[in-house]
Structure formats: structure tokens, C-alpha cells
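Trainee: Below: one structure in C-alpha cells.
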């Protein structure tokens, strides 16, 4: 069993708490002094940095929400001057403003470090060839995996996403041993291989590190069977750092969190109480080493649970379970975050009031599909086919440019979408995960 | 002189068309002519009925998306070239047809054609000037009798 940073990965729980406490105190001081939003939040709760003496006091600190990032768009939560920021990424969430994150040199170092740990846990070494098929750009997937792979010393092949035939031929020519991409893309690769007649023996692939979208144990089994590799689950969100917030080791039994950098808590999303070990609830992260954008008790809205038992691999780090859902209505479609409200604002642009609508998400040939059903109102109706088709086209185009994904728009009759008595049901997710 | 056509939005699912005709029947409305434009997902049913206002109300009361449009009804000779003659006139006068459909009247020697054009009043004038026989709404609505 190999570790990247044995000292921290296998630290006793007591030692870890000590490290976390020291770092938390520093972070709280930093945000209180440098970020007006945090100072205001803490003042409102009547908490001074001096009140935080150890990780036990974490629960007294106020939460941070995605909305806080939007309200201070683009750089308002940064805790260092822009001259210290060397990289910016942004999440796709476009319900309002994009969520912008900034990294100092040291932050990029931390990011590479946590990914190097996770990649090592997944079996990557200096001898490995890592093909990074996540998109490169504002999305954190590509560059995050890239830097982590280089940190380990593997040979990194930055193919980015798309161009599957080229990906497969490079995979054969260069002898790719590891691939980082979305799980659905892994299955797509498997299909293309069969289509093109590429035999498994033509590839040296050993393992894949898959994330950026929800996937199930059955999907893992399918990937492992078809590609004959080990499929490792990785978790991350750009607000916390990007990929590498948590990742499985080769025992594939929960995702290890580098707790000396990110302290997780599980809370009840309604009462906001911290829940005891093993309970299922919303996972909340506090970063304790980040300089550019430190986050205190960041509400991820992802549902998970924590397991503090020592893993078979020897690591003492806490493990989080696969994310089983969301506390809000966000959908992840082909790796893109989609909120029904985004679709609603597009629909508003075609009339004075947004018509009733339903998002139907499905997975066909291992790719997510989105159908937007829109109830046609009398005002929108025309006796000419081309005018109705114009409406469909307009919505399709707007959705594409707002959300960045293609959707099929289908006009339906009024009242044909089921009404609910409580919160409107906007989504039918048929994907079997 | 213009005829009122009722258009109904229909999703492509079974039973919807039957539902429309049932609604009309129970309101004692006669259908004189109909046409359906269909796409993969939806269709537009176009109807000429004897009581357009009643039909519009009955259908919208039953949850259908309905609109009422002015169309032109003309009579063409029921023989080869009958329709071609009319279409040539429209072409010569740069009147483009959004859509059209035909049905046979009770008298037998004329075919009725429903025309949907962008500017029906103008088209009506042109057609009248060219001696095309325009069927007034009263006659169309009574055609079934």
C-alpha cells in the first residue's frame, strides 16, 4: 500500500484534531479580518475569532451559501488581494451569477497535493500515463486532474473532452494506464471501442478516476466489466477547491477526505444541527488551508454521510459516502448543473408569464437526455405549424446558450402537466443510477 | 365574406381527436370540413363548423387550446385544371398561401377550397376581381344541411 503523504493520511484522530484546530483558528482570523461578509456574519452571531479555540467550536460559526458567492460576485469573498490570485475558475451554475473561485500559488499547491493523494490512493505512480478527458477551461475538472497527475509524476496526456476517436487512438499509441473523466464518458468510450473494433488487449488501461456527475454501484460494475478496469469515485466542488475534495482508495469503500485541508460536517439541512457520526444529511465543508477563497461551513446541498473508521488501506482519514441526492432541485445533466429555475427564466422570455413546464431527464446509450415539456398557452398558440416550431426552436436555442446543454423541447397541451398541491414538481428523473 | 376557422392544438396522443369531436357533438355543432397538420410531437386540427363561436367556447371550456382565424372559402370547378386556375391567379398577384385544404360540397359539381393567407382581406379583393367564386360563411356553415 502506498501513500502520498503518510503523515497526514494516517494520522491518529487526536493528532488530526490538533492540526485542524490550529488551522481553523488561523482561517477564522483571516476571514474575519479580510472578508467583510464573514466579519458581518460573525458579528451578527456575536462570535469573535478568539471564541474559536478548537474544531469543537466549528458548530458555532455561521454557514456560507452559494448565494454569498453570488452576492459578492465576482471576487468579494476573496481573502487576499488580487495580486496574490494566480488562477480563476468558475462553476457552470448560472441560476444567477457564475460562482467564481480564485487560487493563490499556495492554493494550487494544496489542490495538486490533495489530488496527488487521491490519485496515489487509486494506484497512480510515476510510471503511469494519465489521460485527462475532463474539459479544460473555467471548469475545474481538467486542470485540477492535470496538476494532480503531474504532482504524482505521472505522464499526463491533456486530451480534454470530446474527439473520442482521437482519445482512443492516443490511448493505444501512448499506453494510457489511467483515465480521468465523467463515468458516462467512460461508458461511451467502451461503446466506441466496440464500434471501432479496438480490443481490450490493445489498451494498457488499469483504472479510471470518475466524477463530476452522480453515478451508481451498478454503473461502476458496468464500467469495470466493459473496460476491465478499476473504477474509482472522486468528489469535489469548485467552491471548496475542485476535484479532490474526496476520493476513494483502491478498496472503493467511501471517499477519503483530506481532513487537514477540508473539515466535513453532516448537518440536518432543515434544523441545521450537526448530526452524529454515520447519519445521513447535508455535507458541509470548512477549508482550513485555502488562502484565496477560504470557506467557513460551506453548504454543499449534497446528501452524504461520514465514516470515521480506519479504512482497510490504512488511512485514518474520514470517508464520505457516495452522494445520494440533493437538498435542492439541482440536476446534473452531462456534468452540467441545471436548476429548473434557469429553464423557467428562459420560458419567461417567450411570454409575459412562464408557462407550466416539466423537465424529463433520462439516460439513453449512457448519455443524459433532457426533454423540456412546455404547456402551450392560448397566447402562444398559432394555427400555423411553423410558428409553433419557431417557439420550440427559440426555447431550444435559449436553453443551449443559457445552460450550455442541448435539450429537446416539446410543446404539450394545457393542464397536461401534473399539478402538485405543494411545491411544484418540475423534474422527472428517469435515470437509473 | 371571410370564414371563421377553429384551430385546436393537439398533442400526438391517442384519444385527443375523439375528445374534440365528442365535445363538438355534445354541443350540437356540425363539422363542415377539417384538416390536420401534424409534426412528430403535436398536431394542429383545423375545423370549419356551423357555429364557430360556440365551438370555440365549448372547446376552450374543455381545456383545449383554441384559436379562431379568418380564412377564405372558394369554389373551384370540379374538373382537371380547376384548382390550377385559381392558384395561378394567386401567384400572379403575389399572394402566398400559408396552407390550404379542400373538401367537396353537397352539390357535387364544385369543390370547396379553404385558403389561409397572410392578408385575407386583400386576397379576397383580388379573387373577387378575377371572378373567382367566393363562398360566403353562411353558405359554408350551412353546407352540411
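Chains as they are written, first to last, in full-length UniProt numbering: chain R, 1 to 433; chain A, 1 to 145. Backbone N, C-alpha and C fix where the C-beta goes; we use that ideal spot for every residue, glycine too.
Considering only residues of the same chain and omitting the five flanking positions on each side of residue 45 (chain R), which have a CB-CB separation below 7 Å?
Mentor: Within the same chain, residue 45 (chain R) has close Cβ partners 62.
Trainee: Enumerate in chain order the residues of its own chain whose CB-to-CB distance from residue 157 (chain A) is below 7 Å, with the five nearest sequence positions on each side excluded.
Mentor: A query on residue 157 (chain A) cannot be resolved here, the shown segment of chain A reaching from 1 to 145 and no further.
Trainee: Which residues bound the alpha helix (DSSP H) around residue 120 (chain A)?
Mentor: Per DSSP, residue 120 (chain A) belongs to the alpha helix (DSSP H) from 120-129.
Trainee: Please determine, among R:72, R:52, R:64, R:345, the residue with the shortest C-alpha to C-alpha distance to residue 402 (chain R).
Mentor: When only C-alpha atoms are compared, the closest one is R:345.
Trainee: State yes or no: is the beta carbon of residue 127 (chain R) nearer than 7 Å to at least one beta carbon in chain A?
Mentor: It does not: the Cβ of residue 127 (chain R) has no partner Cβ on chain A nearer than 7 Å.
Trainee: Name, going along the chain, the residues of the region 355-381 of chain R whose beta-carbon falls closer than 8 Å to a beta-carbon of chain A.
Mentor: Those residues of the region 355-381 of chain R that come within reach of chain A (Cβ to Cβ, closer than 8 Å) are 376, 377, 378, 381.
Trainee: Need the endpoints of the beta strand (DSSP E) that residue 130 (chain R) sits in, please.
Mentor: Segment 129-132, the beta strand (DSSP E) holding residue 130 (chain R).
Trainee: With a threshold of 16 other CB atoms inside 10 Å of the CB of residue 50 (chain R), please say whether the residue is buried or exposed.
Mentor: The residue in question, residue 50 (chain R), is exposed, as its Cβ has fewer than 16 Cβ neighbours within 10 Å.
Trainee: Can you check whether the C-beta of residue 128 (chain A) is within less than 7 Å of a C-beta belonging to chain R?
Mentor: Answer no: the Cβ-Cβ gap between residue 128 (chain A) and chain R never drops below 7 Å.
Trainee: Do you know how far the Cα of residue 64 (chain R) is from the Cα of residue 8 (chain R)?
Mentor: Looking at the two C-alpha atoms, the distance is approximately 27 Å.
Trainee: Would you say residue 15 (chain A) reaches chain R, if we count a Cβ-Cβ gap shorter than 7 Å as a contact?
Mentor: It does not; no Cβ of chain R falls within 7 Å.
Trainee: Pull up the distance between the alpha-carbon of residue 38 (chain R) and that of residue 31 (chain R), whole angstroms please.
Mentor: Computed Cα separation, rounded: 6 Å.
Trainee: Less than 7 Å between the beta carbons of residue 317 (chain R) and residue 405 (chain R), yes or no?
Mentor: No, the Cβ-Cβ distance between residue 317 (chain R) and residue 405 (chain R) is not below 7 Å.
Trainee: So, does the CB of residue 419 (chain R) fall closer than 7 Å to a CB anywhere in chain A?
Mentor: So no, residue 419 (chain R) is outside the interface.
Trainee: Since residue 300 (chain R) and residue 282 (chain R) should fall inside the 8 Å C-beta cutoff, what is the C-beta to C-beta distance between them, to a whole number of angstroms?
Mentor: That pair is a contact at about 7 Å.
Trainee: Going along chain A, which residues have a C-beta under 7 Å from residue 410 (chain R)?
Mentor: Those are 41, listed as they occur along chain A.
Trainee: Near residue 19 (chain R), what residues of its chain come up, given a Cβ to Cβ distance below 6 Å and the 5 sequence neighbours on each side ignored?
Mentor: Cβ neighbours of residue 19 (chain R) beyond the five flanking positions: 260.
Trainee: May I have the straight-line CA-CA distance separating residue 456 (chain R) from residue 11 (chain A), to the nearest angstrom?
Mentor: Residue 456 (chain R) is absent from the structure shown; chain R starts at 1 and stops at 433.
Trainee: Can you pull the chain R neighbours of residue 69 (chain A), defined as C-beta to C-beta under 7 Å?
Mentor: Within chain R, the residues near residue 69 (chain A) are 383.
Trainee: Could you work out which residue in R:116, R:289, R:332 is closest to residue 458 (chain R) when comparing CA atoms only?
Mentor: Nothing about residue 458 (chain R) can be reported from this structure: the residues present for chain R run from 1 to 433 only.
Trainee: On the CB-based measure, 16 or more other CB atoms within 10 Å of its CB, does residue 438 (chain R) come out buried or exposed?
Mentor: The structure shown does not extend to residue 438 (chain R), since chain R spans only 1 to 433, so no value can be given for it.
Trainee: Measuring alpha carbon to alpha carbon, tell me which of R:199, R:81, R:306 ends up nearest residue 291 (chain R).
Mentor: The shortest Cα separation from residue 291 (chain R) among R:199, R:81, R:306 belongs to R:81.
Trainee: Measure from the C-beta of residue 144 (chain A) to each C-beta in chain R and report whether the shortest distance is under 7 Å.
Mentor: Residue confidence for residue 144 (chain A) is low, a pLDDT of 46 falling below 50, so the modelled location carries little weight; the figure read from the coordinates is stated next. Output row for residue 144 (chain A): interface = no.
Trainee: So residue 244 (chain R) packs on residue 115 (chain R), CB below 8 Å; how close in whole Å?
Mentor: Indeed, because the Cβ distance is near 4 Å, the residues count as touching under 8 Å.
Trainee: With a threshold of 7 Å between beta carbons, is residue 415 (chain R) in contact with chain A?
Mentor: Judged by the 7 Å Cβ criterion, residue 415 (chain R) is in contact with chain A.
Trainee: Strictly under 7 Å for the Cβ-Cβ distance: is residue 19 (chain A) near chain R by that measure?
Mentor: Judged by the 7 Å Cβ criterion, residue 19 (chain A) is not in contact with chain R.
Trainee: Per DSSP, which one or two residues make a beta bridge with residue 64 (chain R)?
Mentor: For residue 64 (chain R), which the question treats as bridged, DSSP gives the partners R:298.
Trainee: Rounded to the nearest angstrom, what separates residue 1 (chain A) and residue 115 (chain A) at their Cα positions?
Mentor: Taking the straight line from one Cα to the other gives about 13 Å.
Trainee: Output yes or no for whether 7 Å exceeds the beta carbon distance between residue 54 (chain A) and residue 29 (chain A).
Mentor: Yes. Within cutoff.
Trainee: What are the start and end residues of each continuous beta strand (DSSP E) run of 3 or more residues lying completely inside the region 204-251 of chain R, in chain order?
Mentor: Whole beta strand (DSSP E) segments, 3+ residues: 207-210, 230-237, 242-248.
Trainee: Closest to residue 89 (chain A) by CA distance: which of A:136, A:140, A:13, A:132 is it?
Mentor: Minimum Cα distance to residue 89 (chain A) is reached at A:132.
Trainee: Taking 7 Å as the threshold (C-beta atoms), are residue 407 (chain R) and residue 370 (chain R) in contact?
Mentor: Yes.
Trainee: Determine, using beta carbons only, whether residue 133 (chain R) and residue 169 (chain R) come nearer to each other than 7 Å.
Mentor: No, Cβ-Cβ distance for residue 133 (chain R) and residue 169 (chain R) is not below 7 Å.
Trainee: Per DSSP, residue 291 (chain R) forms a beta bridge with which residues?
Mentor: None, per the DSSP bridge assignment.
Trainee: Could you check whether residue 121 (chain R) and residue 249 (chain R) sit closer than 7 Å to each other, using their CB atoms as the reference points?
Mentor: Yes, Cβ-Cβ distance for residue 249 (chain R) and residue 121 (chain R) is below 7 Å.
Trainee: Using a cut-off of 8 Å between C-beta atoms, extract the partners of residue 389 (chain R) located in chain A.
Mentor: Correct list: 39.
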